[in-house]
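Report on one structure; see the data block that follows.
Next up, the structure:
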């Protein structure tokens, strides 16, 4: 929050993106309670904004929060005109469609807007709420505010979240005619968390073209459902993989798609290690976003199988992370990271993320990333 408030002192427009129900509206209305609030999900409000962008913007006064602004992108040009006329005006815009919104912002509000991404809660943000929960409970429940703060049962929350996403956002983002195939794709993708994303292989299993699979993956990234993690390349003479790995922005949704109904079932699941890795990767990403930074995270994998789970670029240095789902720290956990650190310049640290006690700087508990 301090980063957002600081930016708003210098930029007349704030843009907060992130998945639906991640708390964007609550955060913005908490920070700026005196701003007039409108939501462009409302059909009547959306029609007014589309029919008369200038009149709509002027009706909001000099300080306003506009929710789901991607629904009427033409008002961005009018906001540009108004803030250029009067730099005292302040607008806070939210949106749950990343690429389409940011493309419009870069065209209309370049130099006038500060951009932030709000994902579901990070573990340090809800340390008190989850301190009595096992890591299995946390992974199964996920970290959306509706589950963590409002107590909605995870299965109920994610079933409605997913169905609403398919029925509303999916149709807006791309004309997906075969929803059954898309559902199969989603569930297959969840089973491949932490694995390489091979569009051709997935297309054969789902029964659609690899072009469709690539488009669908773009949709998931655009709407903050899942994302590719790119491999790290170096001049080191190794045969490195070129395919990205796939992760979900929230483990609760991944568990729902995998049919995992509770934490006990997750503990017995062959997907437990992958879900833990997913949680750790997302915690690293959230930490960077919450500090007002754009995450620069990769993984490293040689075709021989040697792998480092996460390489974080920060301050011109590399921080290497090995992610292990166990509770006991073993000396061989850092073998690959130390071997890679010996080959690369500017490696500042090698750290194990796991579910045991912290031993700084060698290991950190996943709750404290």
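Numbering (my numbering), first residue to last: -8 to 360.
Cβ atoms here follow ideal geometry from the backbone N, Cα and C, with glycine treated the same way.
Rounded to the nearest angstrom, the gap between the Cα atoms of residue 87 and residue 322 is 43 Å.
In this structure, the CA atom of residue 327 is about 20 Å from the CA atom of residue 360. Contact check between the region 324 to 342 and the region 274 to 284: fewer than three CB pairs, one atom from each, fall below 8 Å, which does not count as touching. Checking the DSSP bridge columns, you'll see residue 345 partnered with 356. One thing to note: residue 225 has its Cβ no nearer than 8 Å to the Cβ of residue 311. Counting only the Cα atoms, residue 202 lies some 17 Å from residue 179. Between residue 243 and residue 109, the gap from beta carbon to beta carbon reaches 8 Å or more.
Residue 60 and residue 105 have their alpha carbons spaced roughly 15 Å apart. Counting along the chain, residue 53 sits inside no alpha helix (DSSP H), nor does DSSP assign it H or E at all.
Counting only the Cα atoms, residue 45 lies some 10 Å from residue 65. For the pair residue 210 and residue 159, the Cα-to-Cα distance works out to about 13 Å. Within the region 92 to 150, the complete alpha helix (DSSP H) runs of at least 4 residues fall at 118 to 121, 126 to 132 and 136 to 139. Within a 10 Å sphere around the beta-carbon of residue 62 sit 16 or more other beta-carbons, which makes this residue buried. Under the three-state reduction of DSSP output, residue 74 falls in the helix class.
Between the region 168 to 178 and the region 135 to 146 there are fewer than three C-beta pairs closer than 8 Å, too few to call the two in contact. In the structure shown, the three-state DSSP call for residue 80 is coil.
Note on residue 350: under 16 other CB atoms within 10 angstroms of its CB, so exposed under the neighbour-count rule.
Under DSSP, residue 303 forms a beta bridge with 288 and 310. With a threshold of 16 other beta carbon atoms within 10 Å, residue 40 meets it and is buried. Separation of the CB atoms of residue 3 and residue 80 is rounded to 6 Å, and the pair is thereby assigned contact status at 8 Å. Counting C-beta pairs with one atom in each stretch, the region 293 to 310 and the region 332 to 347 have three or more that are closer than 8 Å, which means they touch. Residues of the same chain with a CB within less than 6 Å of the CB of residue 82, apart from the 5 flanking positions on each side, are 4, 55 and 70 in chain order. Per DSSP, the continuous alpha helix (DSSP H) segment holding residue 281 begins and ends at 263 to 281. Annotated three-state conformation of residue 220 is strand, per DSSP. Distance from the CA of residue 101 to the CA of residue 253, rounded to the nearest whole angstrom, comes to 46 Å. Listed in chain order, the non-local C-beta contacts of residue 12 below 8 Å within the same chain comprise 135, 136, 137 and 152, local neighbours out to five positions each way being set aside. Residue 217 has its alpha-carbon roughly 21 Å from the corresponding atom of residue 313. Listed in chain order, the non-local C-beta contacts of residue -4 below 7 Å within the same chain comprise 22, local neighbours out to five positions each way being set aside. Per DSSP, the unbroken beta strand (DSSP E) holding residue 8 starts and ends at 4 to 8.
Bridge pairing for residue 85: 7 [DSSP].
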